[in-house]
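What follows is a single structure, written as structure tokens, with notes after it.
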Amino acid sequence: MNGNWSDLVFLSLPVAYVLSAILAPLNSPKTGWRLLNTSNLIILLVVVTLPFLPQTESGFFADEPMQITVLGLVSFIGWIVTRFSANYLSGEPGEQRLQRWLQLTLGSVSVVVTSNHLGVLIAAWIGISLSLHQLLMFYPERKRAVLAAHKKFLFARLAEACLIGAATLLYLQHGTLYINDILAAYQGSSIILSPSEQIAALLIASAAMVKCAQFPMHGWLIQVVECPTPVSALLHAGVINLGGFLILLMAPLMLHAQLANWLLLIVAGATCVAAALITMTRVSVKVLLAWSTVAQMGLMLVECALGQYGLALLHLVAHSCYKAYAFLSAGGDVEVFLRKQLAPARLPTPSTLPLLFALAVVVIGVLYWTDIIANDASLWLLLALFPIALLSERSSLRHSSSLLLSGGLGVLLIAVYLLQKTLFIHLAPDGALPDAAATIWCAMLFSLLLTAYWILQQRGESSLGRRLYRNLYAGFYLDEWATRATLALWPAKLPQRGGPQQTAIQTARENQS
Numbered sequence: 000m001n002g003n004w005s006d007l008v009f010l011s012l013p014v015a016y017v018l019s020a021i022l023a024p025l026n027s028p029k030t031g032w033r034l035l036n037t038s039n040l041i042i043l044l045v046v047v048t049l050p051f052l053p054q055t056e057s058g059f060f061a062d063e064p065m066q067i068t069v070l071g072l073v074s075f076i077g078w079i080v081t082r083f084s085a086n087y088l089s090g091e092p093g094e095q096r097l098q099r100w101l102q103l104t105l106g107s108v109s110v111v112v113t114s115n116h117l118g119v120l121i122a123a124w125i126g127i128s129l130s131l132h133q134l135l136m137f138y139p140e141r142k143r144a145v146l147a148a149h150k151k152f153l154f155a156r157l158a159e160a161c162l163i164g165a166a167t168l169l170y171l172q173h174g175t176l177y178i179n180d181i182l183a184a185y186q187g188s189s190i191i192l193s194p195s196e197q198i199a200a201l202l203i204a205s206a207a208m209v210k211c212a213q214f215p216m217h218g219w220l221i222q223v224v225e226c227p228t229p230v231s232a233l234l235h236a237g238v239i240n241l242g243g244f245l246i247l248l249m250a251p252l253m254l255h256a257q258l259a260n261w262l263l264l265i266v267a268g269a270t271c272v273a274a275a276l277i278t279m280t281r282v283s284v285k286v287l288l289a290w291s292t293v294a295q296m297g298l299m300l301v302e303c304a305l306g307q308y309g310l311a312l313l314h315l316v317a318h319s320c321y322k323a324y325a326f327l328s329a330g331g332d333v334e335v336f337l338r339k340q341l342a343p344a345r346l347p348t349p350s351t352l353p354l355l356f357a358l359a360v361v362v363i364g365v366l367y368w369t370d371i372i373a374n375d376a377s378l379w380l381l382l383a384l385f386p387i388a389l390l391s392e393r394s395s396l397r398h399s400s401s402l403l404l405s406g407g408l409g410v411l412l413i414a415v416y417l418l419q420k421t422l423f424i425h426l427a428p429d430g431a432l433p434d435a436a437a438t439i440w441c442a443m444l445f446s447l448l449l450t451a452y453w454i455l456q457q458r459g460e461s462s463l464g465r466r467l468y469r470n471l472y473a474g475f476y477l478d479e480w481a482t483r484a485t486l487a488l489w490p491a492k493l494p495q496r497g498g499p500q501q502t503a504i505q506t507a508r509e510n511q512s
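Take a look at the structure:
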């Protein structure tokens, strides 16, 4: 199978999405959903066969293992979401409109994750944004939904401008827009980037951070919970993580771009820690899940900046599956909450968590400096945080397991993680070990995360605990500042009376809760 035939195979996937988007609304809603379910299942089965086809020279599309893996993920999520939507949206006035834009969004995503040409990638990237905007505006009478879609629209234009700027600089440097030809110039360990290439890498990192809703451009993701739950599942599982995919796609370039990597380490690292702590202040299920996504995307970008591309790809796939399930099963959280009320937690002693953390730091430090673990020590420290929390809470009423059982579960989870990472290292682009400065920075961030967690859990009634909780609850007021800036640039027209700027800011403040 030559490159032209390969392009035809990959081109058939978005064409199938587009055709189903055109045909489904022409039938009754019930028949339309059947058509979408069937077409998405066929697409998924085609994608499953792609790894068994002979690898070809890349044309406009590429059949690299990483891209096929993400394509399989997108097609699987799309099939699940359409099956769920058939019942969830039954009888909604805009049901058939959602069918159309859902398929067009999936079609655009399938082009982005398989593209080997920057022009095609940017065009499909814009297509995702425009299609998704229509899904976010499913309830145009809801002012919060309109405000969130408005901010997302402006931020999307910023990400696209960054991508276009990066593509222009890379074209001037290499004389081509084919991604495989551009990245071929960065194979090696002693590559020194020119100023224009450094700027291009910074623009790619900026586009990824905007797409992944990193601080301070995160507020829209928290507020789009106004849209239907299947749209939220698709957004959090198959669209928001495209920023991480972009870094993975351009990995050979990004591996040598120290400035871009430090931009990711600082901004995404701070976002990860802050957003993870903010989730502790939320009671709304969908809002909590949205803040969780902000934190997870920050962590994924940090993994990319550290050169841990296999881990980042594993994170992308695992988070997508988990977050799709979490949103689609959000209704069951009421029962979980009632069970927790029947068995309230008893906090561990104040000294338990610090002692376990100190022990983990010592063990990991010894293993790292003796070269027993030839990997980033900060990531091993992060991996140790969950068993630490599990062990520290083992004496609570909800976590009454024995020390042996808790420790055994932690060891089992680490073993499963290592097996998964070994697999995904072979699917992802070649990475590199981070330098000492990046390792120390990440270790400081994860230590700060655990320290703040301990303050909220054990010293919540102290002056420091109350002040920390108050600022976390307000999201450090970053979204208000971003909202004021975007409304000053382009005022929003919300579906109610009153001044658009004042109303929009009040709406953003309401969404913080």
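Residue numbers (numbering that gives the first Met the number 0): 0 to 512. In this text, a Cβ means the ideal position worked out from N, Cα and C, and glycines have one as well. Small disclaimer: the values here were computed from a predicted structure and weren't measured.
query                                                                                                                                : result
Span of the alpha helix (DSSP H) around residue 303                                                                                  : 284-304
Where the alpha helix (DSSP H) containing residue 158 begins and where it ends                                                       : 142-173
Supposed contact pair residue 127 and residue 107 - C-beta distance, whole angstroms, cut 8 angstroms                                : 4 angstroms
Rounded C-alpha distance that separates residue 359 from residue 124                                                                 : 42 angstroms
Alpha carbon of residue 38 to alpha carbon of residue 31, nearest angstrom                                                           : 11 angstroms
Short Cβ contact (8 angstroms threshold) for residue 162 with residue 134                                                            : no
Distance, residue 268 Cα to residue 497 Cα                                                                                           : Here the model assigns residue 497 a pLDDT of 45, short of 50, so the residue's position is not dependable, and the following value carries that caveat. One C-alpha to the other measures close to 39 angstroms.
Buried versus exposed, by CB contacts within 10 Å (16 or more), residue 370                                                          : exposed
Residue from 61, 198, 276, 443 with nearest C-alpha to residue 177                                                                   : 61
Beta-bridge partners of residue 114, as assigned by DSSP                                                                             : 60
CB contact flag (residue 207, residue 76, <8 angstroms)                                                                              : no
Simplified DSSP state of residue 416, which is helix, strand or coil                                                                 : helix
Identity of the residues DSSP links to residue 177 by a beta bridge                                                                  : 116
Extent of the continuous alpha helix (DSSP H) to which residue 519 belongs                                                           : Since the first residue of the chain shown is 0 and the last is 512, residue 519 is not available in this structure.
Identity of the residue in 224, 49, 412 nearest residue 329 by Cα                                                                    : 224
Presumed contact (8 angstroms Cβ cut-off) between residue 239 and residue 292, rounded CB distance                                   : 6 angstroms
Secondary structure of residue 191, DSSP reduced to three states                                                                     : coil
Alpha-carbon to alpha-carbon, residue 190 and residue 116                                                                            : 23 angstroms
Best match in 319, 289, 92 for proximity to residue 243 [C-alpha to C-alpha]                                                         : 319
Residues of its chain near residue 276, where Cβ-Cβ distance is below 6 angstroms and the 5 sequence neighbours each way are ignored : 451, 471
Supposed close pair residue 213, residue 297 - CB separation, criterion 8 angstroms                                                  : 6 angstroms
Expected contact under 8 angstroms - CB spacing of residue 231 and residue 326 to nearest Å                                          : 5 angstroms
Best match in 381, 481, 8, 36 for proximity to residue 53 [C-alpha to C-alpha]                                                       : 8
Beta-carbon spacing of residue 148, residue 132 below 8 angstroms                                                                    : yes
Exposure label - residue 199; buried when at least 16 CB within 10 Å                                                                 : buried
From 156, 109, 246, residue whose alpha carbon lies closest to that of residue 6                                                     : 109
Nearest-angstrom beta carbon gap, residue 20 and residue 34 [assumed within contact, 8 angstroms]                                    : That belief does not hold up - the Cβ atoms of residue 34 and residue 20 are roughly 10 angstroms apart, past 8 angstroms.
Simplified DSSP state of residue 205, which is helix, strand or coil                                                                 : helix
Three-way DSSP call (helix, strand, coil) for residue 397 in this model                                                              : Summary for residue 397: the model assigns pLDDT 49, below 50, so the residue's position carries little reliability, and this model does not support an answer.
For residue 351, the nearest candidate out of 457, 140, 477 (CA to CA)                                                               : 457
Counted within 10 angstroms of its Cβ, other Cβ atoms place residue 174 as buried (16 or more) or exposed                            : exposed
Own chain residues within Cβ distance below 6 angstroms of residue 234, not counting five before or after                            : none
7 angstroms Cβ shell around residue 443 - same chain, five flanking residues per side excluded                                       : none
Where the alpha helix (DSSP H) containing residue 320 begins and where it ends                                                       : 308-327
CA nearest to the CA of residue 29, picked from 41, 82, 274                                                                          : 82
Residue from 167, 12, 153, 411 with nearest C-alpha to residue 516                                                                   : Since the displayed the chain opens at 0 and closes at 512, residue 516 lies outside it and no answer follows.
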